[in-house]
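In our numbering, the protein residues as written are 7 to 530.
Ideal Cβ positions, reconstructed from N, Cα and C, are used throughout, including at glycine.
Down below is the structure, laid out as structure tokens.
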């Protein structure tokens, strides 16, 4: 019969210390799905279509040049039709009128010129001079793309990628991006690289992705420079080269690319590929944050919260957390919830904290899910509700939050908010213990000691209790002392028993204090 020397950890982490501020969120965003907003030339491509110099308006609101152009356009002159569209689009020589501009563009496009067809497509795509109509835009982009217009090929690729005006089809998107890329369209090259990187419409191929990112980056495309920098940072599709990554981030950052600015800031904050310089990090976080880049806003908030590269200012931190949180950034929402709960930089308000934890938790933020679960467990800002607590501990645990896994183990062991299930408790204790959670290691050891939810195994019990004790858990230190006293899973060794009891007693663990009194000779 096994003795019962163990002390089970039963209290989930509680109070302010359990709320996770997520300091680890100061991370780079090294890969971003291609920005699929139209990175195209001006809505009206006007090369070779500048209005004549004599374009001043007369009393009728039109210029002589306009009247001359109008006459030629009505006679079917394609260049005149194109110029007339420019007159209306720019308001030169006539009152500005997008609707009229589009009508004359259509007349020119109907004569088969690819550039005019592309321009008509952009008008429909953006709703200029007409109601926005993605299907009509695709029709005109297709005409132009089939004639080899690279901008139209790129725009058609976007349409297929997004499923706007046409059924979503990644293979078609890749086809049109490839055609545009082969003609040197930098945006098409970038997006084709993204498709190869993600394996959408083409087999995943990181080296080919890097090839296209490089071609686009060499043309100065900031998005490509940013993503290519991420490839060099991680060594994806290319040999890792931190200095080259920094160079690319800097090139893009200086063009105003917010993602690159955030990445560059991270490198300066962490000393990755460059000497650590918190002030330089703050400079670039600020640049990105002012552009509305939410991850930079959150990171800048962390800098102010911790006084990292800038004077500590919790109020300024909360300002940036709030800005990003309102834009939907889950990390910032969790940070803001933590500040509201603890009264950091803002009046303490548990109800407001719950609001932000909930917003982040619903987006899948594991830290926020655990924080929200703790609120329901402890009745912080909401009435205590064990079922609701369990509901949120579960997704946090599934995402690998060790403390949530440990607490969920307690819930299943004692039937708190969930049906009692000892085997499920052991499963979650094991998951947390393998991540180094000392309370879970202790409880898993106790389960092996007693054969609770698992076959009894004294050596396995000693293994987990030892790991917990080595991390300073007093209940585990006491139990390990008993193991050495009784020879449970280890060789009997009263000296080691005393050593572990002493460590637990020094932390005020009363059972160990009593044990030391039972063996006064051990002090000699």
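- Item | Close beta carbons around residue 372, own chain, < 6 Å, minus the five adjacent residues each side | 402, 405 and 407
- Taking the C-alpha atoms as reference points, what is the distance between residue 515 and residue 385? Each residue's Cα considered, the two are about 28 Å apart.
- Query: Are the Cβ atoms of residue 467 and residue 475 separated by less than 8 Å?
  - Reply: no
- Task: Leaving out five residues on either side along the sequence, give the residues of the same chain with a beta carbon under 7 Å from the beta carbon of residue 355.
- Result: 346
- Message: For a test of the three-state rule: what should DSSP assign to residue 265, helix, strand or coil?
- Response: Look at residue 265 here: in three-state DSSP terms it is helix.
- Item | Which listed residue (493, 84 and 234) has its alpha carbon closest to that of residue 541 | What is shown of the chain runs 7 to 530, which leaves residue 541 out entirely.
- At what residues does the alpha helix (DSSP H) containing residue 422 begin and finish? For residue 422, there is no enclosing alpha helix (DSSP H), as DSSP gives it neither H nor E.
- Item | Of the residues 190, 176 and 225, the one placed nearest residue 202, counting alpha carbons only | For residue 202, the nearest C-alpha among the options comes from 176.
- Query: Ends of the alpha helix (DSSP H) at residue 363?
  - Reply: 356 to 368
- Query: Taking Cβ to Cβ, would you say residue 79 is nearer than 8 Å to residue 86?
  - Reply: yes
- Query: Is the closest heavy atom of the ligand ADP to the C-beta of residue 496 under 7 Å?
  - Reply: In terms of ligand content, the structure shown is empty, and the ligand ADP therefore cannot be addressed.
- Same chain, Cβ closer than 6 Å to residue 215, neighbours up to 5 away in sequence not counted: 199, 202, 203 and 243
- Return the first residue and the last residue of the alpha helix (DSSP H) that residue 260 is part of. 248 to 260
- Rounded to whole angstroms, how far is the Cβ of residue 432 from the Cβ of residue 460, which I believe are closer than 8 Å? About 5 Å separates the CB atoms of residue 432 and residue 460; that is less than 8 Å, so the two are in contact.
- Message: Pairs of beta-carbons, one from the region 295 to 312 and one from the region 251 to 269, closer than 8 Å: are there three or more?
- Response: Segments in contact, yes.
- Message: So residue 536 and residue 192 are supposed to be a Cβ contact under 8 Å. How far apart are they, rounded?
- Response: Shown here, the chain extends from 7 to 530; a query on residue 536 therefore has no answer.
- Item | C-beta contact flag for residue 159 and residue 182 at 8 Å | yes
- If residue 340 and residue 366 are in contact, beta carbons under 8 Å, what's the gap, nearest whole angstrom? 4 Å
- Taking all protein chains shown into account, decide if residue 88 is buried (16 or more other Cβ within 10 angstroms of its Cβ) or exposed. buried
- Looking at the structure shown, is residue 92 part of a helix, part of a strand, or coil, going by DSSP? helix
- Enumerate in chain order the residues of its own chain whose CB-to-CB distance from residue 170 is below 7 Å, with the five nearest sequence positions on each side excluded. 140
- Message: Rounded to whole angstroms, what is the Cα-Cα separation between residue 444 and residue 342?
- Response: 28 Å
- Query: With burial defined as no fewer than 16 other Cβ atoms inside 10 Å of the residue's Cβ, what is the status of residue 56: buried or exposed?
  - Reply: At residue 56, the pLDDT of 45 sits below 50, so the modelled position is not reliable and the matter cannot be decided from this model.
- Item | alpha helix (DSSP H) segment containing residue 382, residue limits | Its alpha helix (DSSP H) spans residues 372 to 384.
- Give every residue of the same chain whose Cβ lies closer than 7 Å to the Cβ of residue 142, excluding the five residues on either side of it in the sequence, and list them in chain order. 130
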